[in-house]
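Below you'll find the structure, written out as structure tokens, and then a few comments.
Residue numbers (this note's numbering): 480 to 716.
Below you can see the structure in the form of structure tokens.
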């Protein structure tokens, strides 16, 4: 028999996460259904944990997926589809595992009598506080489809503004990076070559050139040159 770990909710809404031994996952499902539990997840103990379980702080749902979810849910509510059925459809269409798991648990919460806003509030990394508050107000006023549509429009505008800011910052960053590369090449390769050329002709380099060479010279080389000069002075003394 294989070992399975399940996540489920009992009739009181308590979350259960336990390990059981069974011959198949179907046997685990029947056992949990006989106990009156609402199943969220079943997996074998030999399976590797999901990425969102290992690094919950780093795995997030894309903002674009939340916007699409909000738009589609608004459409479902407008045409009169039950919210649980709409969430089930959106769960099957979700691209991220984190979103799928969140929608699965939300469906379970709604099945136990929880409101949509309460179910969403359990997932602040997907639905921020402002989002949940607007859904809660919409549940009271009875205009859930309008609020969902407005939320989708607001998030889309906000995401577009952020994208423009990121695009505007890319060009200056590229220019600064290229400038640093050019200056590094000048100090590291071009100016030393000119310094050797001036040395061969026993000419004095311009002050700005000498300053750049002094700034770009590695500390170890500067220390070595200083030591050699001091040793030379002692030898001639």
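Quick reminder that beta carbons are idealized off the backbone N, C-alpha and C, glycines included.
Check the Cα spacing between residue 521 and each of 484, 687, 673: the tightest is with 484.
Contact between residue 544 and residue 578 holds: their C-beta atoms lie close to 6 Å from each other, under 8 Å. Between the segment 610-624 and the segment 590-598, the count of C-beta pairs closer than 8 Å reaches three or more; the two stretches touch.
For a cut-off of 8 Å, the C-beta gap from residue 486 to residue 494 is around 7 Å, short enough to register as a contact. Cβ atoms of residue 516 and residue 488 come within 8 Å of each other, at about 7 Å. Of the candidates 607, 693, 664, the residue whose Cα lies closest to the Cα of residue 549 is 607. Rounded to the nearest angstrom, the gap between the Cα atoms of residue 628 and residue 637 is 14 Å.
For residue 491, there is no enclosing alpha helix (DSSP H), as DSSP marks it with neither H nor E. Residue 546 and residue 589 do not touch by the CB rule: their CB atoms are close to 22 Å apart, not below 8 Å. Between residue 602 and residue 581, the gap from beta carbon to beta carbon is short of 8 Å. Rounded to the nearest angstrom, the gap between the Cα atoms of residue 668 and residue 639 is 44 Å.
Between the alpha carbons of residue 672 and residue 684 lies a gap of roughly 12 Å. Between residue 556 and residue 623, the C-beta spacing is below 8 Å.
Our two residues, residue 682 and residue 651, have alpha carbons roughly 39 Å apart in a direct line. Residue 492 is positioned such that its CB atom lies no closer than 8 Å to that of residue 583. Close CB contacts of residue 617 within its chain, under the 7 Å cut and outside five residues either way in sequence, are with 623, 626 (chain order). Residue 539 sits in coil when the DSSP states are folded into three classes, being neither helix nor strand. When the five nearest sequence neighbours on each side are left out, the beta carbons in the same chain lying within less than 8 Å of the beta carbon of residue 565 are those of 551, 552, 555, 556, in order along the chain. Bridge pairing for residue 485: 497, 521 [DSSP]. For residue 636, the enclosing alpha helix (DSSP H) starts and ends at 623-664. Ranked by Cα distance from residue 541, the first of 605, 569, 503, 498 is 605.
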